[in-house]
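Chain order of the listed sequences is A and B. Per numbering that gives the first Met the number 0, numbering of the first sequence is gapless, rising by one per residue and ending at 496. Per numbering that gives the first Met the number 0, numbering of the second sequence is gapless, rising by one per residue and ending at 496. C-beta: ideal position from N, C-alpha, C; glycine also. One structure is given here, and the rest of the page talks about it.
Number of protein chains: 2
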Amino acid sequence: MARLVEVTELILRDGHQSLMATRMALEDMVPVCEDLDNAGYWSVECWGGATFDACIRFLNEDPWERLRTFRRLMPKTRLQMLLRGQNLLGYRHYEDGVVERFVEKAAQNGMDVFRVFDALNDMRNLRTALRAVKKTGKHAQGTICYTVSPVHSVGDFIEMAEQLVDFGCDSICIKDMAALLKPQPAYDLVKGIKQACGEDVLVHVHTHATTGVTMVSLMKAIEAGADIVDTSISALSLGPGHNPTESLVEMLEGTPYRTRLDLEKILKVRDHFKKIRPRYAEFLSDITGVETEIFRSQIPGGMISNMESQLKQQGAGDRVREVLEEVPRVREDAGFPPLVTPSSQIVGTQAVFNVLMGRYKVLTGEFADLMLGYYGNTLGVKNAEVVTKAVAHAKKDPITCRPADLLKPEWEQLRGQALSLQGCNGSDEDVLTFAMFPQVAPKFFSTRDQGPKNLGKDPAAKPAAPAPPSAPAAAGPVHYNITLNGKTHKVTVSPVA
Amino acid sequence: MARLVEVTELILRDGHQSLMATRMALEDMVPVCEDLDNAGYWSVECWGGATFDACIRFLNEDPWERLRTFRRLMPKTRLQMLLRGQNLLGYRHYEDGVVERFVEKAAQNGMDVFRVFDALNDMRNLRTALRAVKKTGKHAQGTICYTVSPVHSVGDFIEMAEQLVDFGCDSICIKDMAALLKPQPAYDLVKGIKQACGEDVLVHVHTHATTGVTMVSLMKAIEAGADIVDTSISALSLGPGHNPTESLVEMLEGTPYRTRLDLEKILKVRDHFKKIRPRYAEFLSDITGVETEIFRSQIPGGMISNMESQLKQQGAGDRVREVLEEVPRVREDAGFPPLVTPSSQIVGTQAVFNVLMGRYKVLTGEFADLMLGYYGNTLGVKNAEVVTKAVAHAKKDPITCRPADLLKPEWEQLRGQALSLQGCNGSDEDVLTFAMFPQVAPKFFSTRDQGPKNLGKDPAAKPAAPAPPSAPAAAGPVHYNITLNGKTHKVTVSPVA
């Protein structure tokens with residue numbers, strides 16, 4: 000009898016996050032929930048920082064309501080989320096009380112599996128969240144961010160796994176967010192974790208497809224004993240996304256491994272998203288092929304496009320190559336953090352500054368904090384000269400303690416601020432929404448009544464060819480200064496057909 | 000020391016054949032030949048039936064001149080071609096003398112490796128071509144077309160390999176033209192061939208990427224001892240094409256296997272074809288993702304699009320699904336031939352006829368020939384009722400001999416016909432061009448003087464993206480009707496910043 004390999008479906012979170020800028024509306028997911036629920040997944044990943052953010056920023060959708068909807072529509076299957084450790088779904092460290100409250104509320108609203116990671120792999124940043132998950136009785140998954148650097152070895156990752164097991168994690172995730180995990184390290188890592196932590200410790204492998212090698216890495220991970228793997232149904236797979244679920248099922252035929260997935264149901268889901276995908280054409284990733292240069296630069300594809308747009312805004316779009324060469328240097332100076340939210344943004348932005356204004360002439364506040372330990376420890380040693388600059392810039396000393404130990408209880412203050420906002424419903428969920436995204440939540444609360452927006456567009460409505468330059472594309476009225484008979488008027492104009 | 004795995008580069012033949020309808024002009028390949036020649040490939044595939052056909056049909060390019068150009072520009076690397084056994088590059092059986100002449104001329108013009116296959120896997124159809132290759136001293140590669148059916152087992156394919164070794168082949172190719180080769184059979188097949196034929200028999204594995212599993216199959220084939228694998232540089236890879244060359248190189252890092260490819264040179268070639276690819280946008284395959292339903296239907300992607308266009312021409316575009324269900328039935332009736340040129344066309348067209356006119360109410364001449372053994376033997380037993388219908392239709396008896404045994408010497412006649420054509424230069428090469436494509440060659444000979452056509456189009460001619468709705472994109476003045484103080488004016492307006 001072949002060994003059962005379980006599968007986590009990513010299409011409702013990381014799938015559309017990686018391929019269509021997280022813009023998919025709940026409305027477009029609802030029709031497939033029943034099939035997903037009956038397809039035989041170990042879990043369905045459906046919630047995380049970017050989906051939460053996109054809900055309130057772009058979709059006028061309450062992310063908590065989205066979660067409750069999934070819970071209602073998928074009663075049989077574990078719901079899974081991605082949690083940035085002490086950062087929760089935001090970009091800063093939260094005080095422990097907020098972390099505990101968030102986990103408790105997420106569990107109450109229906110979350111089953113909490114995949115908890117820290118961008119720097121500082122295990123101290125996972126502890127509060129993992130402990131909070133354990134307290135709710137839900138599944139606490141401790142995560143190792145996989146990266147490649149001169150200071151990272153398979154042994155280091157195995158040691159992290161051992162710490163996570165000591166924390167009482169229900170499973171260990173190897174998170175390969177940049178498609179850097181090659182087949183042999185995948186095998187060695189899973190094998191090593193099983194040997195060090197025990198064969199019964201569940202190992203869950205997350206990879207992206209970008210480099211074209213990670214389907215093989217999944218196979219080798221399975222051969223080494225991986226229990227659960229992540230894939231995304233083909234309609235939203237490959238490129239910067241993930242390996243296709245259907246291919247994984249087929250790949251195992253005849254091997255000593257099997258899934259329990261029902262391909263008929265998965266193909267129905269595939270057909271649905273095949274129809275939905277073109278409606279989000281404007282958000283779709285341009286990348287459909289593979290990109291192996293990531294192995295040299297260590298820079299994930301999404302990070303490159305972010306930096307490109309930053310450079311263009313500064314009128315320096317031609318300096319991308321310099322920035323790409325600067326990133327590995329900045330990363331080395333910062334002690335070789337893995338590049339994943341938020342470290343990828345912090346290192347990337349500093350690299351842009353270095354190229355535009357001279358190396359470390361200007362430090363961003365976030366980069367100074369990173370250098371001074373305010374995000375946690377890195378595996379590599381930091382460049383002492385740059386640390387000195389960071390001290391001067393930030394006017395504070397480096398720390399070695401767990402960053403959240405410096406924070407004071409903040410729940411009551413957050414609650415006070417949230418409750419003062421128009422449209423806040425007074426629930427803990429709303430306070431948490433505000434706590435995560437204080438810039439965005441106020442507007443969301445005030446417009447929530449208007450109901451969700453679906454940014455998908457009927458491709459039939461898409462103009463076949465762009466309008467010729469002589470016909471302005473103004474949809475509504477436009478304001479002009481018009482000089483008529485020598486006199487200038489401020490005029491509002493609507494184009495005629 | 001890791002074992003060396005050699006690589007054949009497909010981008011100059013099957014890569015653009017699978018992804019851009021074989022339309023790439025020699026002119027667009029010339030700039031990369033030096034880098035390909037120095038990159039460390041075992042061979043570069045660059046010639047075959049479809050490329051030969053496209054040269055004279057669409058590109059007004061002499062395929063023999065293309066071959067000589069490759070030879071001149073890639074002096075260090077083996078040039079490889081795909082040869083349809085007794086069909087050569089055409090769609091019918093040629094008499095042995097023509098086969099021998101073709102091989103001799105291809106070798107003289109610079110071909111090194113002849114990958115010889117038969118669509119039905121009737122090994123008798125390979126013998127003359129393989130013998131002719133051996134006579135030239137070039138590399139004779141015997142090929143097994145991989146397929147899946149109730150009558151095909153790994154053992155059958157191993158037996159075919161043994162026959163090919165008995166023929167004196169220099170290597171054995173497992174040709175997976177429909178991306179059906181899953182990891183476990185890939186392993187079993189290579190292992191089985193090595194065990195049955197000897198470890199020193201070179202095994203070469205060709206797969207397509209369509210189903211998303213074959214990169215893993217290449218890994219398992221390598222683990223089983225495969226000596227050479229086929230890939231295509233990423234700029235023309237995936238979808239109905241092949242696994243990316245760069246990914247294969249990276250995949251092997253840290254394993255007990257290695258290639259000798261120079262990634263720097265390959266990335267230069269990648270950059271070139273990344274620029275060239277959009278110029279052929281109108282010919283590009285729509286498929287960029289994976290398609291796993293092929294495992295159910297056994298119908299290769301290219302065949303589906305062919306049948307769709309046949310059905311549309313008949314105004315029956317809505318009956319694709321019926322045809323897709325009919326194909327496996329027709330294939331079973333025909334004794335489960337692999338589906339590859341020309342059997343894929345023959346079976347597909349008959350399935351279309353069956354749906355449109357009733358099952359076997361009308362037989363194509365080619366399908367009758369297939370049923371009567373005029374293409375060779377199949378592994379499965381044919382449906383006797385359909386054979387009876389074929390006898391009645393074709394007014395000839397079934398045969399069991401090698402089909403070419405029935406043919407009379409035809410070289411002199413072909414030569415006479417070719418030499419009578421305007422523009423024929425009298426060479427054996429021209430006679431062979433005529434022999435392969437008698438419908439197309441006359442026009443080509445008469446227009447050859449005009450030189451090659453490049454069907455690529457400058458994408459700069461493509462209009463840029465439409466302007467956002469709130470900001471009119473008017474570059475110059477725009478004309479409006481404006482009502483101001485109750486009076487309508489025709490006004491020319493320039494937007495202000």
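- Ranked by Cα distance from residue 274 (chain B), the options B:287, B:254, B:234 and B:302 are led by B:234.
- The straight-line gap separating the alpha-carbon atoms of residue 444 (chain A) and residue 60 (chain A) is approximately 10 Å.
- In the structure shown, residue 63 (chain B) adopts helical secondary structure according to DSSP, grouped into three states.
- Pairwise C-beta distances place the segment 272 to 291 of chain B in contact with the segment 238 to 249 of chain B, as three or more of them are shorter than 8 Å.
- A distance of 8 Å or more separates the beta carbons of residue 80 (chain B) and residue 41 (chain B).
- For residue 190 (chain A), no beta strand (DSSP E) encloses it; the enclosing alpha helix (DSSP H) starts and ends at 182 to 196.
- The CB of residue 237 (chain A) comes closer than 9 Å to the CB of 211, 237, 287, 288 and 289 in chain B, given here in chain order.
- Per DSSP, residue 92 (chain B) is not a residue of any beta strand (DSSP E), being assigned neither H nor E.
- Taking one beta carbon from each stretch, the segment 106 to 124 of chain A and the segment 83 to 92 of chain A have 3 or more pairs nearer than 8 Å; the two touch.
- Taking the CA atoms as reference points, residue 306 (chain A) sits about 18 Å from residue 294 (chain A).
- About 17 Å separates the CB atoms of residue 164 (chain B) and residue 144 (chain B); that is not less than 8 Å, and the two are not in contact.
- Close to residue 156 (chain A), with beta-carbon spacing below 9 Å, lies no residue of chain B; the smallest spacing is near 14 Å.
- With 16 or more other CB atoms across the displayed protein chains lying within 10 angstroms of its CB, residue 27 (chain A) is buried.
- For residue 205 (chain A), the enclosing beta strand (DSSP E) has its first and last residue at 201 to 206.
- Restricting attention to B:184, B:187, B:129 and B:242, the CA atom closest to the CA of residue 209 (chain A) is found in B:242.
- The beta carbon of residue 255 (chain A) sits closer than 8 Å to the beta carbons of 1 and 2 from its chain, once the five residues preceding and following it are set aside; these are given in chain order.
- DSSP, reduced to helix, strand and coil, places residue 171 (chain A) within a strand of the structure shown.
- Between residue 215 (chain B) and chain A, the shortest Cβ-Cβ separation is below 8 Å.
- If you ignore the 5 residues before and after residue 34 (chain A), its C-beta comes within less than 7 Å of the C-beta of 264, 267 and 268, all in its own chain and listed in chain order.
- Put simply, the backbone Cα of residue 111 (chain A) is about 18 Å away from that of residue 166 (chain A).
- Rounded to whole angstroms, the gap between the alpha carbons of residue 176 (chain B) and residue 206 (chain B) is 6 Å.
- The residues 87, 409, 410, 413, 431 and 434, in chain order, have a CB closer than 8 Å to that of residue 97 (chain A) in the same chain once the five nearest residues on each side in sequence are set aside.
- Annotation: the segment 3 to 39 of chain A contains the following complete segments of the beta strand (DSSP E) (minimum length 3 residues), in chain order: 5 to 8.
- Across the segment 161 to 190 of chain B, CB contacts with chain A closer than 7 Å involve 181, 182, 183 and 184, in sequence order along the chain.
- Residue 366 (chain A) is positioned such that its CB atom lies no closer than 8 Å to that of residue 344 (chain A).
- Using beta-carbon distances, residue 254 (chain A) counts as an interface residue toward chain B, with a partner under 8 Å.
- In the three-state scheme derived from DSSP, where H, G and I count as helix and E and B as strand, residue 138 (chain B) is classed as strand.
- Nearest to residue 388 (chain B) by C-alpha distance, out of B:398, B:360 and B:377, is B:360.
- With distances taken between CA atoms, residue 395 (chain A) lies nearest to A:386 out of A:386, A:449 and A:401.
- Around the Cβ of residue 399 (chain A), a 10 Å sphere holds fewer than 16 other Cβ atoms; the residue is exposed.
- Between residue 354 (chain A) and residue 321 (chain A) a beta carbon distance of about 5 Å is seen, short of the 8 Å cut, so the two are scored as contacting.
- In the DSSP assignment, residue 265 (chain B) falls within the alpha helix (DSSP H) that extends over 262 to 275.
- Close partners of residue 233 (chain A) in chain B (Cβ separation under 9 Å): 211, 288, 289, 290 and 291.
- Inclusion of residue 245 (chain B) and residue 224 (chain B) in the CB contact set at 8 Å is not warranted, their separation being larger than that value.
- The bridge partners DSSP lists for residue 113 (chain A) are A:80 and A:139.
- Straight through space, the alpha carbons of residue 188 (chain A) and residue 148 (chain A) are spaced by roughly 15 Å.
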